[in-house]
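Here our numbering is used: position 21 in the sequence shown is 25, and no number is missing along the way. Reviewing the structure listed below.
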Amino acid sequence: MKEKKSAKAELESKKGLFIEIGLVVVLALVYMAFEMKSYDAITVDMFERTDVIVEEEMVEITQQEKIELPPPPPQQPILLQAVEDDIEVADDIEIDAEATVTTEVQEWTRPVQEEEIVEEEIFMIVEQVPEYPGGDEARLNFLRNNIKYPQMAREAGIQGTVYVGFVVEKDGSVTQVKVMRGIGGGCDEEAVRVTKMMPKWKAGKQRGKEVRVSYNMPVKFTLQD
5 MKEKKSAKAE LESKKGLFIE IGLVVVLALV YMAFEMKSYD AITVDMFERT
55 DVIVEEEMVE ITQQEKIELP PPPPQQPILL QAVEDDIEVA DDIEIDAEAT
105 VTTEVQEWTR PVQEEEIVEE EIFMIVEQVP EYPGGDEARL NFLRNNIKYP
155 QMAREAGIQG TVYVGFVVEK DGSVTQVKVM RGIGGGCDEE AVRVTKMMPK
205 WKAGKQRGKE VRVSYNMPVK FTLQD
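And the structure:
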């Protein structure tokens, strides 16, 4: 079956009309282009720069005359005088603000300086240790014969060893007796009492000289059945 075209859809007959419309539009655009005004670009400098010329002030330079100073006087040698540095100033000096020429002034006497007693060193280890007169056997016999077992320790059944420390002086005397470790019950006090009763020991020596020596001694307390 052969298709039929509508007369309204046929554009070939309207080709001339479309060409005329296109020419009119082109002419209008050309006309408008010629009518438009153009403006020259103007550059405006917002900050006008001016050169300021500052005249330099000429300062006249004057030459100072050289002044000769006199030489310094020769220095005199300083004589140093040695003085004692152990002079003591008394703190009990009274100053009488109302004193006159006729006021009697008491003569100041220099206080007597007490000699400082320097305690000699106590040695812990020496070349020759202190020795009880007669040796250790005599020392043990002295302790057995003089120690009285405390009644409190006897009733409480306390027994053991009390360690007593003391110092054997250069002359052999026993000083600074104290308990190093005790057992109580009155045994500590009894050990100290008997230790203070001991006769003079044979002093310890260091490099052939008698010295003070620290000594520790055990005192044993034992209950007899």
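Ideal placement from N, C-alpha and C gives every residue a C-beta, glycine not left out.
> Which of helix, strand or coil does DSSP assign to E39?
Replying inline: Residue numbering aside, residue 39 sits at position 35 when the sequence shown is read from its first letter. In the three-state DSSP reduction, E39 falls in the helix class (H, G or I).
> Is K18 helix, strand or coil by DSSP?
Replying inline: As a position in the sequence shown, residue 18 is number 14, starting the count at 1. Reduced to three states, the DSSP call for K18 is helix.
> Whose CA, out of P154, K174, L33, lies closest to the CA of E193?
Replying inline: In the sequence shown, counting from the first residue as 1, residue 193 sits at position 189. Checked all of P154, K174, L33; the closest Cα to E193 is P154.
> Which residues bound the beta strand (DSSP E) around E214?
Replying inline: Indexing the sequence shown from 1 puts residue 214 at position 210. For E214, the uninterrupted beta strand (DSSP E) segment begins and ends at 213–225.
> DSSP state of M201, grouped into three classes?
Replying inline: Counted from its first residue, the sequence shown places residue 201 at position 197. Here M201 sits in helix by DSSP.
> Counting pairs of beta carbons, one from the stretch 155–162 and one from the stretch 122–133, are three or more of them closer than 8 Å?
Replying inline: With a cut-off of 8 Å, the stretch 122–133 and the stretch 155–162 do not count as touching, because too few Cβ pairs lie within range.
>> Between A160, Q228, V223, G161, which has its C-alpha nearest K200's C-alpha?
In response: In the sequence shown, the residue the question calls residue 200 occupies position 196. K200 has its Cα closest to that of V223, out of A160, Q228, V223, G161.
>> On a Cα-Cα basis, can you pick out the residue from S218, I25, A207 that is closest to M128?
In response: For this step, residue 128 is matched to residue 124 along the sequence shown. That would be S218, whose Cα lies nearest to the Cα of M128.
> For the candidate residues V28, E173, E39, whose alpha-carbon lies nearest to that of E124?
Replying inline: In the sequence shown, the residue the question calls residue 124 occupies position 120. Nearest in C-alpha terms to E124, of all of V28, E173, E39, is E173.
> For E24, which of helix, strand or coil comes out of DSSP?
Replying inline: In the sequence shown, residue 24 corresponds to position 20, counting from 1. In the displayed model, E24 falls within a helix according to three-state DSSP.
>> Assuming V196 and V181 are in contact, meaning their beta carbons sit under 8 Å apart, how far apart are those beta carbons, in whole angstroms?
In response: One-based indexing of the sequence shown puts residue 196 at position 192. One-based indexing of the sequence shown puts residue 181 at position 177. Sure, about 5 Å apart at Cβ, within 8 Å.
>> Within a Cβ cutoff of 8 Å, which residues of the same chain sit near P137, ignoring the five residues on either side of it in sequence?
In response: Looking up residue 137 in the sequence shown gives position 133. Annotation for P137: P203, K204, W205, K206 place their beta carbon closer than 8 Å to its own, counting only its chain and skipping 5 residues before and after.
> Residues in its own chain within less than 6 Å of M221 by CB, not counting five upstream and five downstream?
Replying inline: The count along the sequence shown starts at 1 and reaches residue 221 at position 217. Excluding positions up to five away in sequence, the list reads V168.
> The alpha helix (DSSP H) with M156 in it runs from where to where?
Replying inline: By 1-based counting over the sequence shown, the position of residue 156 is 152. Counted as a single uninterrupted DSSP element, the alpha helix (DSSP H) harbouring M156 occupies residues 155–160.
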